[in-house]
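2 protein chains.
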Amino acid sequence: MVTIKEVAKKANVAVSTASYALNGIKKVSPETKEKVVQAARELNYRKNGFASDLKRNSTKTLALILSDLSGPFYSELIRGVQDVATDHGYDLIACSAIGGENSTAAKFLTEHRVDGCIVLAHNITDEMLKNVAHHNFPIILLDREIEVDSTVHVRVNNKKGGFKATEYLIQNGHTDIAFVSGPSNSYDNKMRFAGYQEALQAYNIELQNKWIVSGNFTREGGESAANILAAQDQVPTAIFFANDEMAVGGMEAFQKRGISIPNDISIIGFDDILEAKYVYPKLTTIRQPKYEMGASATHIIFQMLKNEEVNPTFELHTDLIIRESVKKL
Amino acid sequence: MVTIKEVAKKANVAVSTASYALNGIKKVSPETKEKVVQAARELNYRKNGFASDLKRNSTKTLALILSDLSGPFYSELIRGVQDVATDHGYDLIACSAIGGENSTAAKFLTEHRVDGCIVLAHNITDEMLKNVAHHNFPIILLDREIEVDSTVHVRVNNKKGGFKATEYLIQNGHTDIAFVSGPSNSYDNKMRFAGYQEALQAYNIELQNKWIVSGNFTREGGESAANILAAQDQVPTAIFFANDEMAVGGMEAFQKRGISIPNDISIIGFDDILEAKYVYPKLTTIRQPKYEMGASATHIIFQMLKNEEVNPTFELHTDLIIRESVKKL
DNA sequence: ATGAAAGCGCTAACAC
DNA sequence: GTGTTAGCGCTTTCAT
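Here it is, written out as structure tokens:
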């Protein structure tokens with residue numbers, strides 16, 4: 001590997017001068033600079049980023065920690081992160097938390113390899129986060145329940161969103177409303193369910209346990225939930241799927257059985273994924289401001305990096321997106 | 001920041017001993033090891049990954065360079081890369097090539113921040129690749145045209161795939177076959193088109209220029225291509241969309257116009273994206289072995305890292321996936 | 001404007 | 001088994 005030393009030698013200058021020249025620091029004369037740059041080019045010199053980061057004690061890069069690099073995840077959110085990072089002249093890398101303690105994510109979280117992290121992964125333990133959180137190592141948690149010191153949370157008001165979804169169904173004349181839930185360890189799911197409960201209660205509708213079925217946030221889960229619901233002797237007139245993925249699967253399962261959406265059953269989802277407006281009928285849902293989540297999280301990182309005081313939690317709100325999957329009774 | 005020096009001091013040992021203990025190197029006695037680990041824990045010591053990488057001159061991490069972190073991309077492919085990297089005890093990070101010369105990708109490509117790269121991005125120039133390629137810095141290029149020294153290519157036989165798609169249409173009795181192309185600078189597109197041409201020629205069917213329309217590889221492009229085709233006085237009986245994304249858009253556009261697939265027009269795509277089997281009718285297409293592409297690319301990196309001789313190009317083949325969007329005439 | 005040299009935090013060769 | 005120390009490649013202070 002060719003080092004700056006060799007470049008300096010070839011250009012007949014000291015390493016310090018070479019460093020200045022290569023980094024565009026003004027105090028070096030145009031001619032010397034040219035000499036150095038030329039030598040570097042001839043030797044095909046590539047700086048060693050680590051050495052320089054080590055010395056500077058800053059990496060100018062942020063890590064985005066995902067459950068799994070191969071998705072699925074919200075691309076809008078990532079775009080939000082990316083845009084803000086770029087605006088600040090920072091680089092962004094994404095890494096996977098598969099493997100927990102031994103994951104790439106853990107390596108970046110613990111080994112000072114980045115200046116800050118945005119965590120969008122549930123397979124990284126609270127424990128680990130706690131150990132790593134540090135006043136000058138900003139960590140932003142997306143959609144997480146726990147409060148970890150020196151950590152900030154950005155989340156959507158899932159409960160209010162769940163309420164809105166359920167209320168919209170009620171306002172359309174529905175009272176027999178099922179809830180298809182995500183995994184029980186999901187904070188999002190828990191809150192959406194809480195919103196569902198609250199809305200039923202607010203309108204004096206009794207919650208029916210037989211209509212609470214689990215779908216694991218996956219398309220297949222949605223299908224099987226729909227099948228379970230359809231097989232009961234009393235079928236609900238509307239279903240609130242705790243995410244769109246399940247809703248899409250559920251719609252398909254119903255249609256396979258000859259049950260028409262929204263004529264026979266109304267459906268509302270949560271998230272507003274890209275597909276929501278491409279399915280038939282177009283899915284009515286609760287939109288999460290995904291881009292804003294990513295952008296806010298990243299903004300907060302930079303505030304923290306500047307040692308500004310920030311709130312420990314940051315909450316965004318949801319919107320009801322009315323499309324075609326809910327019928328007025 | 002607490003360094004290994006402080007840990008050593010607290011544990012009353014030399015830094016080397018601390019280093020050995022922390023890295024699980026056997027030559028240190030259990031008691032000393034315990035002392036060190038304990039001290040590290042108490043001080044909340046986190047190693048500086050750069051310092052250690054710098055010293056070891058190896059990062060044990062690979063970079064996956066994508067056009068844009070926020071997708072879209074083939075998750076199957078990434079899974080292939082991820083699996084193989086993990087098997088070898090390597091970490092994987094993904095980074096974006098947005099910004100070209102100034103992108104994060106460029107930083108990782110040029111600054112020795114990883115041990116190898118897999119490039120799945122068209123916004124990184126051949127020029128840059130050429131400058132960076134080095135016999136002990138493996139770079140694998142996916143779906144690229146150019147031959148760059150010290151670089152290996154993994155690609156799918158797009159031409160043969162294009163041939164297969166077209167031939168299947170012909171074997172189903174079609175002779176009026178349109179081609180909806182991707183961007184003209186795409187190597188994939190070019191080769192798929194070549195396969196289309198070759199098949200027509202092989203079966204003595206004349207190529208009709210009015211039936212070659214551009215769709216830019218996007219869903220919207222597919223829609224507008226379908227509309228253009230539908231508006232002509234002579235409409236083809238079958239269409240080969242150069243990717244599934246466009247095919248899905250095209251199907252939708254036709255259906256909006258009351259044209260039935262496959263009764264009025266047969267459609268075949270390319271890629272076999274996830275959605276292909278969810279649309280109605282299910283899309284007949286040419287499958288790319290995406291997982292295998294990722295896995296092979298990564299395997300090759302490790303071969304190169306071990307200084308084994310590897311072929312400069314590695315070609316995978318496609319499969320015809322017959323579903324419901326092509327009718328026998 | 002340029003150079004000499006210290007030192008970032010770590011690993012590993014070497015000495016004991 | 002443990003300690004001393006050189007040095008990875010770079011930036012930056014200080015002297016000139």
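So the protein sequences, as listed, match chains D and V. Mapping to full-length UniProt numbering: the first sequence position 122 is 122, numbers consecutive. Mapping to full-length UniProt numbering: the second sequence position 173 is 173, numbers consecutive. Idealized CB from N, CA, C, for every residue including glycine. Source: prediction; values computed, not measured.
Spell out whether any CB of chain D is found under 7 Å from the CB atom of residue i.
| i | result |
| --- | --- |
| leucine 283 of chain V | no |
| aspartate 149 of chain V | no |
| lysine 10 of chain V | no |
| lysine 107 of chain V | yes |
| glutamine 208 of chain V | no |
| histidine 174 of chain V | no |
| arginine 41 of chain V | no |
| tyrosine 88 of chain V | At residue 88 of chain V the sequence reads histidine, which differs from the tyrosine that was named. Judged by the 7 Å Cβ criterion, histidine 88 of chain V is not in contact with chain D. |
| histidine 317 of chain V | no |
| aspartate 53 of chain V | yes |
| glutamine 82 of chain V | yes |
| arginine 323 of chain V | no |
| isoleucine 78 of chain V | yes |
Ignore the nearest five residues each way along the sequence and tell me which others in residue i's own chain have a CB closer than 6 Å to its CB.
| i | result |
| --- | --- |
| glutamate 223 of chain V | Gly249, Ala253 |
| aspartate 272 of chain D | Thr285, Arg287, Ile321 |
| alanine 85 of chain D | Leu62, Leu92, Thr298 |
| threonine 59 of chain V | Asp53, Val114, Asp115 |
| phenylalanine 317 of chain V | With the sequence shown as reference, residue 317 of chain V is identified as histidine, and phenylalanine is not the correct amino acid for it. Hits under 6 Å: Asn157. |
| phenylalanine 108 of chain D | Ala63, Cys95, Val114 |
| valine 235 of chain V | none |
| alanine 178 of chain V | Trp211, Leu229, Pro236, Ile239 |
| isoleucine 170 of chain V | Tyr203 |
Since residue i and residue j should fall inside the 8 Å C-beta cutoff, what is the C-beta to C-beta distance between them, to a whole number of angstroms?
| i | j | result |
| --- | --- | --- |
| lysine 327 of chain V | asparagine 243 of chain V | Rounded, the Cβ-Cβ distance is 21 Å, inconsistent with contact. |
| arginine 219 of chain V | glutamate 245 of chain V | 5 Å |
| arginine 155 of chain V | threonine 313 of chain V | 7 Å |
| leucine 77 of chain V | lysine 306 of chain V | Not really, about 23 Å apart at Cβ, beyond 8 Å. |
| tyrosine 196 of chain V | phenylalanine 241 of chain V | Not a contact, Cβ separation roughly 11 Å. |
| proline 183 of chain D | asparagine 227 of chain D | Actually they do not touch by this definition, with Cβ atoms about 19 Å apart. |
| valine 279 of chain D | methionine 251 of chain D | 6 Å |
| valine 15 of chain D | isoleucine 4 of chain D | 6 Å |
Could you check whether the Cβ of residue i sits closer than 7 Å to any Cβ belonging to chain V?
| i | result |
| --- | --- |
| isoleucine 93 of chain D | yes |
| glycine 71 of chain D | yes |
| lysine 306 of chain D | no |
| serine 75 of chain D | yes |
| asparagine 227 of chain D | no |
| alanine 277 of chain D | This sequence places lysine at residue 277 of chain D; alanine is not what is there. Answer no: the Cβ-Cβ gap between lysine 277 of chain D and chain V never drops below 7 Å. |
| lysine 47 of chain D | yes |
| glutamate 111 of chain D | yes |
| isoleucine 259 of chain D | no |
| phenylalanine 50 of chain D | yes |
| residue 414 of chain D | With chain D covering only 1 through 329, there is no way to say anything about residue 414 of chain D. |
| threonine 104 of chain D | yes |
| arginine 56 of chain D | no |
Can you list, in chain order, the residues of its chain with a C-beta nearer than 8 Å to that of residue i? Leave out the 5 residues immediately preceding and following it.
| i | result |
| --- | --- |
| valine 37 of chain D | Ala21, Leu22 |
| isoleucine 300 of chain D | Pro138, Ile140, Val152, Val154, Val310, Phe314 |
| glutamate 292 of chain V | Gly80, Leu316 |
If you check the beta carbons only, do residue i and residue j fall under 7 Å apart?
| i | j | result |
| --- | --- | --- |
| residue 385 of chain V | isoleucine 268 of chain V | The structure shown does not extend to residue 385 of chain V, since chain V spans only 1 to 329, so no value can be given for it. |
| isoleucine 124 of chain D | isoleucine 93 of chain V | no |
| leucine 329 of chain V | glycine 173 of chain V | yes |
| alanine 11 of chain D | serine 67 of chain D | no |
| aspartate 176 of chain V | threonine 237 of chain V | yes |
| leucine 283 of chain V | serine 325 of chain V | yes |
| aspartate 83 of chain V | aspartate 143 of chain V | no |
| phenylalanine 302 of chain D | histidine 134 of chain D | no |
| alanine 97 of chain D | isoleucine 146 of chain D | no |
| leucine 43 of chain D | valine 13 of chain D | no |
Here's a check: name, in chain order, each residue in its chain whose Cβ is nearer than 7 Å to the Cβ of residue i, leaving out the five neighbours to either side.
| i | result |
| --- | --- |
| residue 331 of chain V | In this structure chain V extends from 1 to 329, so residue 331 of chain V is not present and cannot be described. |
| residue 342 of chain D | This structure gives no information on residue 342 of chain D, because the portion of chain D shown stretches from 1 to 329. |
| serine 19 of chain V | Ile4 |
| alanine 40 of chain D | Val7, Leu22 |
Return the chain-ordered ranges of every alpha helix (DSSP H) run that is complete within the segment 144-184 of chain D and spans a minimum of 4 residues.
-> 158-171
Identify every run of the alpha helix (DSSP H) within the UniProt domain "HTH lacI-type" (2-56) of chain V, keeping only runs that are complete inside it and at least 4 residues long; order them along the chain.
-> Runs found: 4-11, 15-22, 30-43, 49-56.
Jot down the residue ranges of each uninterrupted beta strand (DSSP E) in the segment 92-133 of chain V, minimum 3 residues, whole runs only, in chain order.
-> 116-120
Which runs of the alpha helix (DSSP H) fall wholly inside the segment 287-320 of chain V and span at least 4 residues, in chain order?
-> 290-305
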